[in-house]
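Under my numbering, think of the first position of the sequence shown as 125, with each following residue one higher.
Cβ coordinates follow ideal geometry from the N, Cα and C atoms, glycine included.
Please read these numbers as outputs of a predicted model, since none were measured by experiment.
This report refers to the structure that appears directly beneath it.
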Amino acid sequence: MALDQSFVGRSYPPTGAYEVGREKIREFAEAVGDPNPAYTDPEAAKALGHPDVIAPPTFVFAVTFKAAGQVIEDPQLGLDYSRVVHGDQKFAYRRPVRAGDRLSVTSTIETVRSMAGNDILDIRGEVHDETGEHVVTTWIKLVARAAEEA
125 MALDQSFVGR SYPPTGAYEV GREKIREFAE AVGDPNPAYT DPEAAKALGH PDVIAPPTFV
185 FAVTFKAAGQ VIEDPQLGLD YSRVVHGDQK FAYRRPVRAG DRLSVTSTIE TVRSMAGNDI
245 LDIRGEVHDE TGEHVVTTWI KLVARAAEEA
């Protein structure tokens, strides 16, 4: 069953704050194999003009994907998550994510479309810090694969 087109433009309430910690940044940088010292050494980050260590660009995906859960779990949308694969992601930064940031995310459904029996859902996440400063906008594309014919 195709997803409801009337959901395009629907926004969900901002998430509670996610506090970005140095250790989480270090673990993420190690997991993705990025040795940039600005991710692990406060002095290296300060030498680049940052107040503390910064996160690798894709770090924020963990925060925004969790926020997209509000969309995914919306029973009115009718998304069958058992058939979903991650199609794409994009990031548009205003500034890097920093240790000590307390981030909240507002998710909005940008597009809902069907292609070859698959439902494709684009979710935009607007990420702000505790002061209300816009940090980054993210886009997540989810593809709900068509049910296989019997």
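For residue j and residue i, the rounded distance between their alpha carbons
{"i": "E234", "j": "A268", "result": "16 Å"}
{"i": "D225", "j": "G211", "result": "28 Å"}
{"i": "K265", "j": "P137", "result": "20 Å"}
{"i": "A153", "j": "F185", "result": "13 Å"}
{"i": "V187", "j": "R207", "result": "22 Å"}
Proximity of residue i and residue j at Cβ, strictly below 8 Å
{"i": "R219", "j": "V251", "result": "no"}
{"i": "I149", "j": "V195", "result": "no"}
{"i": "V156", "j": "T182", "result": "yes"}
{"i": "A223", "j": "V132", "result": "no"}
{"i": "T164", "j": "S228", "result": "no"}
{"i": "A192", "j": "S231", "result": "yes"}
{"i": "A141", "j": "E257", "result": "no"}
Close beta carbons around residue i, own chain, < 6 Å, minus the five adjacent residues each side
{"i": "A216", "result": "T261"}
{"i": "A179", "result": "I149, V221"}
{"i": "A270", "result": "G241, N242"}
{"i": "P166", "result": "D176, V177"}
{"i": "R88", "result": "Beyond the ends of the chain as shown, which are 125 and 274, falls residue 88; an answer cannot be given."}
{"i": "L245", "result": "V236, L266"}
When the options are compared against residue i, the one with the closest alpha-carbon
{"i": "D204", "options": "D243, A168, G256, D225", "result": "D243"}
{"i": "D278", "options": "A271, S135, W263", "result": "Here the chain comprises residues numbered 125 to 274, so residue 278 is not present and cannot be evaluated."}
{"i": "S130", "options": "G202, D158, S206, A191", "result": "G202"}
{"i": "L127", "options": "Q200, E167, A169", "result": "Q200"}
{"i": "W263", "options": "Q213, A162, S231, K190", "result": "Q213"}
8 Å Cβ shell around residue i - same chain, five flanking residues per side excluded
{"i": "A162", "result": "A168, A169, L172, H174, V177, I178"}
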